[in-house]
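> In our numbering, each number is its position in the sequence shown, counted from 1, plus 3. Think of the CB as a built atom: it goes at the ideal place given N, C-alpha and C, for glycine as much as any other residue.
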Amino acid sequence: MVSMFKYVSANNNVSIDIEKMLISFWKEFIFGGHLFALGAVCVMAMCSLIFGLPIGSDLLLVTYLIFYPIYLYDYTRGADDDLLTNSARAKYLSGNKKAYIVVAGSFAILTMLFMHFSNSITMLLGFVVLVLGLLYSSYFKKLTKKIIAFKNFFVSAVWALLVLFFFFYYSIPITVAALIMAGFVFTRMVAIQILFDVRDVEGDRKNGLLTIPVVMGNHREFGLLKCLNIASIALLVFSVFVHVLPLLSLSFVPVMFYAFGYTKKVRKSMNNYAFYLLAAVEPIIWFSVVFFGNNLGKLTVLVSIML
4 MVSMFKYVSA
14 NNNVSIDIEK
24 MLISFWKEFI
34 FGGHLFALGA
44 VCVMAMCSLI
54 FGLPIGSDLL
64 LVTYLIFYPI
74 YLYDYTRGAD
84 DDLLTNSARA
94 KYLSGNKKAY
104 IVVAGSFAIL
114 TMLFMHFSNS
124 ITMLLGFVVL
134 VLGLLYSSYF
144 KKLTKKIIAF
154 KNFFVSAVWA
164 LLVLFFFFYY
174 SIPITVAALI
184 MAGFVFTRMV
194 AIQILFDVRD
204 VEGDRKNGLL
214 TIPVVMGNHR
224 EFGLLKCLNI
234 ASIALLVFSV
244 FVHVLPLLSL
254 SFVPVMFYAF
264 GYTKKVRKSM
274 NNYAFYLLAA
284 VEPIIWFSVV
294 FFGNNLGKLT
304 VLVSIML
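1. In angstroms with no decimal places, state the Cα-to-Cα distance between F263 and I33.
2. Can you give the beta carbon distance from S254 to V292, rounded, assuming they're within the 8 Å contact cut?
3. In its own chain, which residues sit with a C-beta less than 6 Å from the C-beta of L305, not counting the 5 before and 5 after it?
4. Just confirm the distance between the C-beta atoms of L75 and G36, as a whole number of angstroms; I'd bet it's less than 8 Å.
5. Considering only residues of the same chain and omitting the five flanking positions on each side of Y142, which have a CB-CB separation below 8 Å?
6. Specify the secondary structure class of A180 as computed by DSSP and reduced to three states.
7. Give me the Cα-Cα distance between G108 and I69, rounded to the nearest whole angstrom.
8. Taking 8 Å as the cut-off, does the stretch 111 to 123 touch the stretch 56 to 66 (at least 3 CB pairs, one atom from each stretch)?
9. Taking the beta carbon of M24 as the centre, do at least 16 other beta carbons fall within 10 Å, making it buried, or is it exposed?
10. Since L248 and K268 should fall inside the 8 Å C-beta cutoff, what is the C-beta to C-beta distance between them, to a whole number of angstroms?
11. Helix, strand or coil: which one does DSSP assign to H37?
12. Could you tell me if S237 is buried or exposed, where buried requires 16 or more neighbouring beta carbons within 10 angstroms of its beta carbon?
13. Could I get the ranges of all uninterrupted alpha helix (DSSP H) runs contained in the stretch 59 to 83, with 4 residues as the minimum, in chain order?
14. So, with DSSP's three-state summary, where would you put R223?
15. Beta-carbon within less than 8 Å of E22's beta-carbon, same chain only, minus the 5 sequence neighbours each way: which residues are those?
16. In the structure shown, what three-state DSSP assignment does A91 receive?
17. When you compare only the Cα positions, how much space is there between Y279 and P57?
18. Need the endpoints of the alpha helix (DSSP H) that I155 sits in, please.
19. For the alpha helix (DSSP H) containing M118, name the first residue and the last one.
20. Alpha carbons only, please: which of F168, C45 and A91 is nearest the one belonging to W289?
21. Do the stretch 148 to 162 and the stretch 179 to 198 make contact, defined as three or more Cβ pairs closer than 8 Å?
22. So, are the CB atoms of N232 and I197 less than 8 Å apart?
23. What are the boundary residues of the alpha helix (DSSP H) that Y139 is part of?
24. What residue range does the alpha helix (DSSP H) around V269 cover?
25. Expressed to the nearest angstrom, what Euclidean distance is found between the alpha-carbon atoms of T266 and F225?
26. What's the gap between the Cα of F260 and the Cα of K229?
27. Please classify G186: does DSSP put it in a helix, a strand, or coil?
28. If I measure Cβ to Cβ from V11 and keep anything under 7 Å in the same chain, skipping five residues before and after, which residues do I get?
29. Measure the C-alpha to C-alpha separation of G220 and A181 and round it to an integer number of angstroms.
30. Relative to the alpha-carbon of T114, which residue among V193, D203, T147 and T66 has its alpha-carbon at the smallest distance?
31. So what's I287 in DSSP terms, helix, strand or just coil?
32. May I have the straight-line CA-CA distance separating L128 from Y172, to the nearest angstrom?
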């Protein structure tokens, strides 16, 4: 009987340890900047499928090492301000010195990767994106006190550069299709950033930041979000219609309904952080729908050949 009790107790302790480990892993993934770094990697993989171009693991790693330190550094610097709107992340990152080590390590590893796999122009562009991202919280974010929604456009522009970076990395000429896809990413990220500002509206108002929710007031920004959702998909549909983008680009159409869904959830419960995560994972959804559409197309061709 005693041995059975010890066995059950040991199993309970193992379960508790596993649960703690999973919770710790989840917090690190969400609060440590990994979620958006993975989203950036998905944008690169998405471009590979859309444009029918091969992609190597080196570019995926480079992308991760650019965006991971950017978001970790931003979250760490803004921990005190986040106490009002995102206390869980603020408590997790409070006093965390890891960001500086990650930034230094990323610069070192990126330098080696660029020298081995790419060229000096691409390395310069990569470091420009990284430095601009790191300067966001300390400099560019403050410009929103003078320029309405500047931080939204700035962050979205950095994400849009990812599409062009894909072409630069492999020394491929920039096409009209690439510019349109960059425009899609920019428009979608503007909508996502505005939605995040809904959560941070009280803190932004206190800090004098002229975000869209602060300026428009009375939750009128949700009407703007609907327009952006429709406009981003309409851009791709039109581009397919005029034969600039491949038919595979229509795989993005479900994203509009996905965005409508989480926006509606946020509007009903603006203090529920889980609903904002639905917006944060949208870049991962982009890759998922394109991957599904690409494989569905191949399956359709295979079936038609067999018949």
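Reading off the structure:
1. So the two alpha carbons sit approximately 23 Å from each other.
2. With a Cβ gap of about 5 Å, S254 and V292 count as contacting.
3. Since pLDDT at L305 reaches only 48, below the 50 mark, its modelled position is unreliable, and the value read off the structure follows with that caveat. Around L305: no qualifying Cβ.
4. Contact flag correct, Cβ pair sits at about 4 Å.
5. Excluding its 5 nearest sequence neighbours in each direction, Y142 has no C-beta neighbour in its own chain below 8 Å.
6. Three-state DSSP puts A180 in a helix.
7. Distance between G108 and I69, taken at the CA atoms: about 11 Å.
8. Two segments are said to touch when three or more pairs of C-beta atoms, one from each, lie closer than 8 Å; by this definition the stretch 56 to 66 touches the stretch 111 to 123.
9. So M24 ends up on the exposed side.
10. Taking C-beta atoms under 8 Å as the contact rule, L248 and K268 fail to qualify, at a distance of about 30 Å.
11. DSSP places H37 in the helix class (H, G or I) of the three-state scheme.
12. For the sequence presented, residue 237 should be read as Ala rather than Ser. Exposed, since its Cβ has fewer than 16 Cβ neighbours within 10 Å.
13. At a cut-off of 4 residues, the continuous stretches assigned as alpha helix (DSSP H) that sit fully inside the stretch 59 to 83 are 60 to 80.
14. Coil, per DSSP.
15. Closer than 8 Å at the Cβ level, and outside the excluded window around E22, lies no residue.
16. Helix.
17. Roughly 33 Å between the two C-alpha positions.
18. Per the sequence shown, residue 155 should be read as Asn rather than Ile. N155: member of the alpha helix (DSSP H) spanning F153 to Y172, first to last residue.
19. According to the DSSP assignment, M118 belongs to the alpha helix (DSSP H) that extends over K101 to F120.
20. Among F168, C45 and A91, the Cα nearest to that of W289 belongs to C45.
21. Per the Cβ contact rule, the stretch 148 to 162 is in contact with the stretch 179 to 198 (3 or more Cβ pairs under 8 Å).
22. No, these two residues do not count as a Cβ contact at 8 Å.
23. Here Y139 belongs to no alpha helix (DSSP H), and DSSP marks it neither H nor E.
24. Here the alpha helix (DSSP H) through V269 covers V256 to K271.
25. Computed Cα separation, rounded: 8 Å.
26. Cα-Cα distance, rounded: 10 Å.
27. Three-state DSSP puts G186 in a helix.
28. For V11, the predicted model reports a pLDDT of 47, less than 50, meaning its position is unreliable; a value from the coordinates is still stated below. Within the same chain, no residue comes within 7 Å of V11 by CB-CB distance, once the 5 residues on both sides are set aside.
29. Between G220 and A181, the C-alpha separation is close to 35 Å.
30. With distances taken between Cα atoms, T114 lies closest to T66.
31. Here I287 sits in helix by DSSP.
32. Cα to Cα, the separation comes out at about 9 Å.
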